[in-house]
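>
Numbering (my numbering), first residue to last: 75 to 416.
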């Protein structure tokens, strides 16, 4: 019997979405029906100032303006401001502030994308390669709608599934099973759709009894299994994957590759960022090489990977077939010499 004047809580007690709100999953946001008073810091924190992004056309993210599975980047530009030598102590910060007033340079602008034009057709399998800082991960985040452009336009058609960060969308306090429920909801599945696919997702992850343990007890390899188990059963027109498969073991990687191949055979478009050149050769027919935020090469995977390896080696000599590519990328072999070619 509820006490007079006390609200009766209704709904399923095992609802992970309700549990997340109850433990503060919406951090910093007052729950519905709770007024932020003068002493409530949640209501006193002002919003962060927005960084200018240009007009309504430039920097735009246009979804479903092109056929499902199609990706277009038009004059895409994105930069970040970076402080090369940030102070670690209060004294350093004060001294640096005084130095700036005397004309010392402040934060520098680093270009992640500089006027990139790219079109990917439905059903294509495309890898993006490049040295660290070339703009690979930034490109995927732009395509996923996570990072806005400073200029240019991105157009993408259909439902997008992005596997970019193992921690994204997960709660460490909830079990793997509960995180599957929440992850499916974040990707746009209804509760009924998630429940229908739940056991398949659990079986695909091969987590066994660990699926009912909280994520705080998971290793990075177990997180990969959980994250990919969700993405593997989505009805996605576009798959965006960034390096995460490198964390899993070999057997599970092959299982993921087979699942990706099945989704591509069903018409999905794949964009993959990886330093594993063997994986790229097996998975992608087309490769884009980025250098300094620009497209340096775009074409058949074998041809572009050879250009990439020459870039890593720092010379223009041809390389010894595709088996040599992975060795160079992994740093297990030196530059090619005339004797090697013979």
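Just so it is clear, CB atoms sit at the ideal spot from N, CA and C, and this is done for glycine as well.
1) Please report the distance separating the alpha-carbon of residue 184 from that of residue 367.
2) Could you check whether residue 299 and residue 280 sit closer than 8 Å to each other, using their CB atoms as the reference points?
3) So, residue 345 versus residue 314, is the Cβ gap smaller than 8 Å?
4) Tell me whether the beta-carbon of residue 310 lies closer than 8 Å to the beta-carbon of residue 235.
5) Around the C-beta of residue 361, are 16 or more other C-beta atoms found within 10 angstroms, so that it is buried, or is it exposed?
6) So, with DSSP's three-state summary, where would you put residue 347?
7) Within the chosen definition, does the stretch 241-250 reach the stretch 262-271 through at least 3 CB pairs nearer than 8 Å?
8) According to DSSP, is residue 308 helix, strand or coil?
9) Mark residue 294 as exposed unless 16 or more other C-beta atoms lie within 10 angstroms of its C-beta, in which case mark it buried.
10) I'd like to know whether the C-beta atoms of residue 379 and residue 353 end up nearer to each other than 8 Å.
11) In terms of DSSP beta bridges, what is residue 151 paired with?
12) Any idea if residue 164 is buried or exposed, counting beta-carbon neighbours within 10 angstroms, 16 or more meaning buried?
13) Per DSSP, what are the beta-bridge partners of residue 354 in this structure?
14) Flag this pair as yes or no: are the beta carbons of residue 197 and residue 365 separated by less than 8 Å?
15) Secondary structure at residue 236, three-state DSSP: helix, strand or coil?
16) Based on the DSSP output, what are the partners of residue 199 in its beta bridges?
17) Using a Cβ distance threshold of 8 Å, determine whether the stretch 211-225 contacts the stretch 370-377, with at least three qualifying pairs required.
18) My output table needs one value for residue 186: the three-state DSSP class, helix, strand or coil.
19) Under the assumption that residue 31 contacts residue 316 (Cβ atoms under 8 Å), give the Cβ distance between them as a whole number of angstroms.
20) Measure the C-alpha to C-alpha separation of residue 233 and residue 207 and round it to an integer number of angstroms.
21) Could you name the residues of the same chain whose beta carbon sits closer than 6 Å to that of residue 257, not counting the 5 residues immediately before and after it, in chain order?
22) So, does the CB of residue 347 fall closer than 8 Å to a CB anywhere in chain C?
23) Closest to residue 337 by C-alpha separation, out of 135, 325, 306, would be which residue?
24) What three-state label does DSSP hand residue 334 in the structure shown?
Let me spell this out:
1) As a working mapping, residue 184 is identified with position 110 in the chain shown. As a working mapping, residue 367 is identified with position 293 in the chain shown. Going by the C-alpha atoms only, they are around 9 Å apart.
2) In the chain shown, residue 280 corresponds to position 206, counting from 1. In the chain shown, residue 299 corresponds to position 225, counting from 1. Yes; because the gap between Cβ atoms is below 8 Å, this pair is in contact.
3) Residue 345 sits at position 271 when you count from the first residue of the chain shown. Residue 314 sits at position 240 when you count from the first residue of the chain shown. Yes, Cβ-Cβ distance for residue 345 and residue 314 is below 8 Å.
4) Translated into positions along the chain shown, residue 310 becomes position 236. Translated into positions along the chain shown, residue 235 becomes position 161. For residue 310 and residue 235, yes; Cβs fall inside 8 Å.
5) Start at 1 with the first residue of the chain shown, and residue 361 comes out as number 287. Counting Cβ neighbours within 10 Å, residue 361 comes out buried, since at least 16 surround it.
6) By one-based count along the chain shown, residue 347 stands at place 273. DSSP places residue 347 in strand when its eight states are reduced to three.
7) no
8) The residue you call residue 308 lines up with position 234 of the chain shown. Coil, per DSSP.
9) Start at 1 with the first residue of the chain shown, and residue 294 comes out as number 220. Burial call: exposed.
10) As a first step, residue 379 is located in the chain shown; it is residue number 305 there, counting from the start. As a first step, residue 353 is located in the chain shown; it is residue number 279 there, counting from the start. No, the Cβ-Cβ distance between residue 379 and residue 353 is not below 8 Å.
11) Stepping through the chain shown from its first residue, residue 151 is reached at position 77. 225, per the DSSP bridge assignment.
12) As a first step, residue 164 is located in the chain shown; it is residue number 90 there, counting from the start. Counting Cβ neighbours within 10 Å, residue 164 comes out exposed, since fewer than 16 surround it.
13) Taking the chain shown and counting its residues from 1, one reaches residue 354 at position 280. Answer is none; residue 354 lacks a bridge partner.
14) Indexing the chain shown from 1 puts residue 197 at position 123. Indexing the chain shown from 1 puts residue 365 at position 291. Result no, Cβ atoms of residue 197 and residue 365 do not sit closer than 8 Å.
15) In the chain shown, the residue the question calls residue 236 occupies position 162. Reduced to three states, the DSSP call for residue 236 is strand.
16) Taking the chain shown and counting its residues from 1, the one referred to as residue 199 is at position 125. In the DSSP output, where bridge partners are listed per residue, residue 199 has 344.
17) no
18) Along the chain shown, one-based indexing puts residue 186 at 112. DSSP places residue 186 in strand when its eight states are reduced to three.
19) Outside the displayed range of the chain (75 to 416) lies residue 31, so it cannot be described from this structure.
20) Residue numbering aside, residue 233 sits at position 159 when the chain shown is read from its first letter. Residue numbering aside, residue 207 sits at position 133 when the chain shown is read from its first letter. Residue 233 and residue 207: Cα-Cα distance of roughly 28 Å.
21) By one-based count along the chain shown, residue 257 stands at place 183. The answer, listed in chain order, is 243, 304.
22) Going by chain labels, chain C is absent from the structure shown, which holds only one protein chain.
23) One-based indexing of the chain shown puts residue 337 at position 263. Nearest option by C-alpha distance: 306.
24) Taking the first residue of the chain shown as position 1, residue 334 is located at position 260. Three-state DSSP puts residue 334 in a helix.
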